[in-house]
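J.:
In mature numbering (1 follows the signal peptide of the UniProt record, and there is no 0), the protein residues as written are -19 to -1, 1 to 221.
(1) Using the three-state DSSP reduction, which class does residue 223 fall into: helix, strand or coil?
(2) Measuring alpha carbon to alpha carbon, tell me which of 88, 181, 133, 161 ends up nearest residue 124.
(3) Looking only at its chain, what residues have a beta carbon closer than 8 angstroms to the beta carbon of residue 138, apart from the 5 residues adjacent to it on each side?
(4) Taking the alpha carbon of residue 160 as the point to measure from, which residue in 135, 1, 3, 22 has its own alpha carbon closest?
(5) Could you work out which residue in 217, 221, 10, 37 is closest to residue 186 when comparing CA atoms only?
(6) At least one CB of chain C closer than 8 angstroms to the CB of residue 102: is that the case?
(7) For residue 108, which residues from the same chain have a beta carbon less than 6 angstroms from its beta carbon, with the 5 sequence-adjacent residues on both sides left out?
(8) Using only CA atoms, which one of 201, 45, 17 lies nearest to residue 89?
(9) Here's a check: name, in chain order, each residue in its chain whose Cβ is nearer than 7 angstroms to the Cβ of residue 176, leaving out the five neighbours to either side.
(10) Near residue 133, what residues of its chain come up, given a Cβ to Cβ distance below 7 angstroms and the 5 sequence neighbours on each side ignored?
(11) Measure the C-alpha to C-alpha separation of residue 8 and residue 66 and round it to an integer number of angstroms.
(12) Could you give the DSSP three-state label for residue 21: helix, strand or coil?
(13) Quick one: what's got a C-beta closer than 6 angstroms to residue 179's C-beta in the same chain, skipping five residues either side?
(14) Could you give the distance in angstroms between the alpha-carbon of residue 172 and the alpha-carbon of residue 196?
(15) With a threshold of 16 other CB atoms inside 10 Å of the CB of residue 165, please say whether the residue is buried or exposed.
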């Protein structure tokens, strides 16, 4: 058992270094954030940490997320390293802190929306917005969102994440802000600064009023990389 735990930790560290991301906000107002990013990009020199995350722009929070939170902690607790877990025969769809619904306080409210409306997820590029870690091909993979199809219902395992339950799919960096404008720069070691990534999700029109659990999945894969990293985050939306 000690060997298994050691192996898991080793894989987690390796995966963390290679690629990692998680949903920081379930419904984010990206317009003012992008404005700040554009202003920061005009500075000389550019401040790579200006800005990172503005919690005041977040209107809905994922499970087990603090406000504003500590990214170094979240990267090993909220972010779920699927590859490392599967190695240990754990096919859970969510990280341990996110596997059960727990009421969220006023400082980290659950996102609210209307059936057929949209939410904008916010997650970090963490140096991978242009494919760093995916064989250098410039493709950071795709992000998907899954829903069980009815309220108060959990997606518990990877077997629940299917074409039938998928409600949205996009490129990891389809909505993002990164520097420089030259997209041939794909590596932070050579000047890439990826400041923000978002995913606008249109919710199904047939969602009934109540709480609905969803899973976000990043598949950092392409045709030339086998067993490339996958990461997930879990959250809820209240349909009014």
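Quick reminder that beta carbons are idealized off the backbone N, C-alpha and C, glycines included.
T.: Quick look at the numbers:
(1) Because the chain is modelled from -19 through 221, residue 223 falls outside the range shown and cannot be assessed.
(2) By 1-based counting over the chain shown, the position of residue 124 is 143. It is 181.
(3) Taking the first residue of the chain shown as position 1, residue 138 is located at position 157. Cβ within range, chain order: 72, 73, 74.
(4) Residue mapping note: residue 160 aligns to position 179 of the chain shown, counting from 1. Considering only alpha carbons, the answer is 22.
(5) As a working mapping, residue 186 is identified with position 205 in the chain shown. If you compare the alpha carbons of 217, 221, 10, 37 with that of residue 186, the shortest gap goes to 221.
(6) Given the protein chain composition of this structure (a single chain), no chain C is represented.
(7) For the purposes of this step, residue 108 is identified with residue 127 of the chain shown, where counting begins at 1. Residues 169 of the same chain have their beta carbon placed closer than 6 angstroms to that of residue 108, with the five preceding and five following residues left out of the count.
(8) Translated into positions along the chain shown, residue 89 becomes position 108. The option with the nearest alpha carbon to residue 89 is 45.
(9) Here residue 176 refers to the residue found at position 195 of the chain shown. Cβ neighbours of residue 176 within its own chain (closer than 7 angstroms, five residues either side excluded): 18, 158, 159.
(10) In the chain shown, counting from the first residue as 1, residue 133 sits at position 152. 191, 192, listed in sequence order.
(11) Numbered from 1 along the chain shown, position 27 holds the residue referred to as residue 8. Numbered from 1 along the chain shown, position 85 holds the residue referred to as residue 66. Looking at the two C-alpha atoms, the distance is approximately 28 angstroms.
(12) One-based indexing of the chain shown puts residue 21 at position 40. Residue state, collapsed to three classes: helix.
(13) The count along the chain shown starts at 1 and reaches residue 179 at position 198. 11, 101, 103, 156, listed in sequence order.
(14) Your numbering for residue 172 matches position 191 in the chain shown. Your numbering for residue 196 matches position 215 in the chain shown. Approximately 32 angstroms, taken between the alpha carbons.
(15) Taking the first residue of the chain shown as 1, we reach residue 165 at position 184. The residue is exposed, with fewer than 16 neighbouring Cβ atoms inside 10 Å.
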